[in-house]
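Before any comments, here is the structure.
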Amino acid sequence: MEKKTSFSISYLIFAFIILLLIQYLLAPKIEHVSYSEFKRMVRDKKITAVVVSKNFLKGFGPLEKHTKQEPLFPKSVVYVTPRIDDRNLVQFLENNNVEIIAENENTFFKTLLSWILPALVFAGVWVLIMRKMGQGAGIMTFGKHRAKVIAQSDIGVTFDDVAGQDEAKEELREVLEFLKNPEKFSRIGARIPKGILLVGPPGTGKTLLAKAVAGEAGVPFFSISGSDFIEMFVGVGAARVRDLFEQANKMAPCVVFIDELDALGKARGMGAVGGHDEREQTLNQLLVEMDGFQQNKGVVILAATNRPEILDPALLRPGRFDRQILVDRPDLKGRIDILKVHTKKVILSKDVDLEIIARRTPGFTGADLANLVNEAALLAVRKGKEEVGQEELEEAIDRIIAGLEKKNRVLNEKEKRIVAYHETGHAVVAAFRPTAEKVHKISIVPRGIGALGFTLQLPTEDRYLMTERELLEKIDVLLGGRTAEEIIIGEITTGAQNDLERATDIARSMVTMYGMSKKLGQVTYERRSNPFLQQQGIFTQQDCSSITARLIDEEVKNIIESRANGVRKLIKEKIDT
Numbered sequence: 001m002e003k004k005t006s007f008s009i010s011y012l013i014f015a016f017i018i019l020l021l022i023q024y025l026l027a028p029k030i031e032h033v034s035y036s037e038f039k040r041m042v043r044d045k046k047i048t049a050v051v052v053s054k055n056f057l058k059g060f061g062p063l064e065k066h067t068k069q070e071p072l073f074p075k076s077v078v079y080v081t082p083r084i085d086d087r088n089l090v091q092f093l094e095n096n097n098v099e100i101i102a103e104n105e106n107t108f109f110k111t112l113l114s115w116i117l118p119a120l121v122f123a124g125v126w127v128l129i130m131r132k133m134g135q136g137a138g139i140m141t142f143g144k145h146r147a148k149v150i151a152q153s154d155i156g157v158t159f160d161d162v163a164g165q166d167e168a169k170e171e172l173r174e175v176l177e178f179l180k181n182p183e184k185f186s187r188i189g190a191r192i193p194k195g196i197l198l199v200g201p202p203g204t205g206k207t208l209l210a211k212a213v214a215g216e217a218g219v220p221f222f223s224i225s226g227s228d229f230i231e232m233f234v235g236v237g238a239a240r241v242r243d244l245f246e247q248a249n250k251m252a253p254c255v256v257f258i259d260e261l262d263a264l265g266k267a268r269g270m271g272a273v274g275g276h277d278e279r280e281q282t283l284n285q286l287l288v289e290m291d292g293f294q295q296n297k298g299v300v301i302l303a304a305t306n307r308p309e310i311l312d313p314a315l316l317r318p319g320r321f322d323r324q325i326l327v328d329r330p331d332l333k334g335r336i337d338i339l340k341v342h343t344k345k346v347i348l349s350k351d352v353d354l355e356i357i358a359r360r361t362p363g364f365t366g367a368d369l370a371n372l373v374n375e376a377a378l379l380a381v382r383k384g385k386e387e388v389g390q391e392e393l394e395e396a397i398d399r400i401i402a403g404l405e406k407k408n409r410v411l412n413e414k415e416k417r418i419v420a421y422h423e424t425g426h427a428v429v430a431a432f433r434p435t436a437e438k439v440h441k442i443s444i445v446p447r448g449i450g451a452l453g454f455t456l457q458l459p460t461e462d463r464y465l466m467t468e469r470e471l472l473e474k475i476d477v478l479l480g481g482r483t484a485e486e487i488i489i490g491e492i493t494t495g496a497q498n499d500l501e502r503a504t505d506i507a508r509s510m511v512t513m514y515g516m517s518k519k520l521g522q523v524t525y526e527r528r529s530n531p532f533l534q535q536q537g538i539f540t541q542q543d544c545s546s547i548t549a550r551l552i553d554e555e556v557k558n559i560i561e562s563r564a565n566g567v568r569k570l571i572k573e574k575i576d577t
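At position 93 of the sequence shown the residue is numbered 93 (the numbering used here), and the sequence of numbers has no breaks.
What follows is the structure, given as structure tokens:
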């Protein structure tokens, strides 16, 4: 392959600056004088040569003699005065032995430069923009696709490296088997799925599964991000889609992976005016390429997103994305398998029990567990150990859940006492509520951004449903800290802010989403549109009148107050007098 010469606009700028500097250093000094002063300088022999042009007279004097060291760049002086209609000028100059030089101005070159220089500047800026958009591949490549054709030897990831997603792997293995041995399926009339959409929370391994497909496919694998299609120029995105599928068809059978599909496939009619139109054109072209009159035989589209609710319905129908595979947070067995994968290259001590670590990390994704193992290894190195022990893994969990330990945040004795009673209040309520998760650790060491302490509860199993009683007793545990402050210290503090936020959110969900309010009935008043991005409120839509909204607020307040009364009674009974 011919090696392309690299070019940088900085070279051109540097050369331009050097030329300007040289021109400045070598250029003569211009001094404007009056006509009478000009004639006086001629009589005084300060001017020995005159250049006569159409509008000006330029006088040049003899080079000055320097008695000291000559400067590096000596500058001569040019005296300039406007040309006046003086019939005796030539005779006057000859009488003073002044050399007369006539200058014929060439306006053609000046005019040419006045057009060429702006054009060159514009062309340079255009080339720079095109190279940035085309990633240095030339001006005419901005309509070419940016997908990377990944060789199987460059991946280094197979399905053996993906743990905790057995069902997703089974679905993808079937597609790969179809690509490798299509006769086995076509014999009975089965057709290959045109598209497979991987959906799930961030960090669960969607992109890793795609890499594993590339590592095991045995066919060409194109990888591209959804945002790579969109540019500020209208029509570029559609051109890139056409070019991508044209190349994929030439190399079929093959797999095309589009990461973050929501950047490209957002439902039409959403978004701002302007760039929104370009994105819709790109999406329309993708819809046509996936299932239009042109049949793409042997091209499988694999895509990943954590926002399936905003995708265009035409993109999700059978014939385009035939399958949607949920890549969810792993269960207990999945977390154990993931920990085994990530600890292969880590030296573990004999006291490490990965099952305990897996039980302590419900809700952790594969990315979270990989980060946990790395944090534990860093802690072991920091302590000067040769192995990673159970202690480092436990401490890494605390760092991920509660944040870094803040050794420079020193509490006074009063604050330590308040935090201790606050966390003990959580623990006491959890101990005497049958459905509450058991307390694993209590700490009054400041951690993270604002946590001055924490009470860590350890669930015994993965849960997918919660009863009304469990939700209410979870509110009780959250209110235990504030109630303990109120009873023992005699005043309340700001330390319960996060507890109150979480308790209020649970109570509001019970009223508006779960139908657990007798006053408001079994009706849903709020919808949270994204199950994968855990950002409460951003994706919440309230469907009720202002009167109903007031009743909801009253009911949430009643739930919190009634549970706080029960917690207050419990703590008073358990105080060690």
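For glycine and all other residues, C-beta sits at the position ideal for the given N, C-alpha and C.
R173 and S517 have their C-alpha atoms some 47 Å from each other.
If you draw a straight line from the Cα of L551 to the Cα of D476, it comes to about 22 Å. Per DSSP, reduced to three states, the secondary structure at V80 is strand. By the neighbour-count criterion, in which 16 or more other beta carbons inside 10 Å mark a residue as buried, H32 falls on the exposed side.
For R323, the enclosing beta strand (DSSP E) starts and ends at 323-326. Buried is the label assigned to F159, since at least 16 other Cβ atoms lie within 10 Å of its Cβ. Distances from the CA of K350 to each of I336, R87, Q390, A436 were compared; the closest alpha carbon is that of Q390.
A contact between stretches requires three or more CB pairs, one per stretch, nearer than 8 Å, and the segment 480-499 fails this requirement with the segment 458-469. Only residues of its own chain outside the window of five on either side were considered, and among them D259, A304 have a CB closer than 7 Å to the CB of T207, listed in chain order.
In the structure shown, the three-state DSSP call for Q165 is coil.
When DSSP states are grouped into helix, strand and coil, R187 belongs to the coil group.
DSSP, reduced to helix, strand and coil, places K383 outside both helices and strands of the structure shown, so it counts as coil. Straight through space, the alpha carbons of H440 and A163 are spaced by roughly 27 Å. For I575, the secondary structure class from DSSP, reduced to helix, strand or coil, is coil. In this structure, I492 sits away from R502, with a CB-CB distance that is not shorter than 8 Å. For A451, there is no enclosing beta strand (DSSP E), as DSSP marks it with neither H nor E. For the pair of segments examined, the segment 189-200 was found not to touch the segment 217-232: the number of CB pairs separated by less than 8 Å stays below three. Excluding five sequence positions before and after K29, the CB atoms of its chain that fall closer than 8 Å to its own CB belong to K75, S76, V77, V78, given in chain order.
The continuous alpha helix (DSSP H) containing G265 extends over residues 262-265.
Boundaries of the alpha helix (DSSP H) around T207: 206-216. A direct Cα-Cα distance of roughly 21 Å separates R335 from V213.
The count of Cβ pairs closer than 8 Å, one atom from the segment 372-385 and one from the segment 402-414, stays below three, leaving the stretches out of contact. The C-beta distance from M290 to R329 rounds to 30 Å, too long to meet the 8 Å contact threshold. When rounded, the separation of the alpha-carbon atoms in L264 and P253 is 24 Å. Taken in chain order, the whole alpha helix (DSSP H) runs of length 4 or more contained in the segment 300-325 are 313-316.
Excluding its 5 nearest sequence neighbours in each direction, E473 has C-beta neighbours in its own chain below 8 Å: R433, P434, T435, A436, listed in chain order. The continuous alpha helix (DSSP H) containing A507 extends over residues 497-512. Distance from the Cα of R242 is smallest, within the candidate group K333, M41, S53, Q285, for Q285. In this structure, DSSP gives E526 an extended state, which the three-state scheme calls strand.
An exposed status is given to D86, since fewer than 16 other beta-carbon atoms sit within 10 Å of its beta-carbon. The C-beta distance from F245 to F221 rounds to 15 Å, too long to meet the 8 Å contact threshold. Partner residues in the beta bridge of H32, as assigned by DSSP, are V80. Secondary-structure assignment with DSSP links G195 through a beta bridge to I301. For the options L411, L570, I571, T512, the alpha carbon positioned closest to that of E554 is the one of T512. In the DSSP annotation of this structure, the continuous segment of the alpha helix (DSSP H) that includes L472 starts and ends at 468-484. A102 and I17 have their C-alpha atoms some 33 Å from each other.
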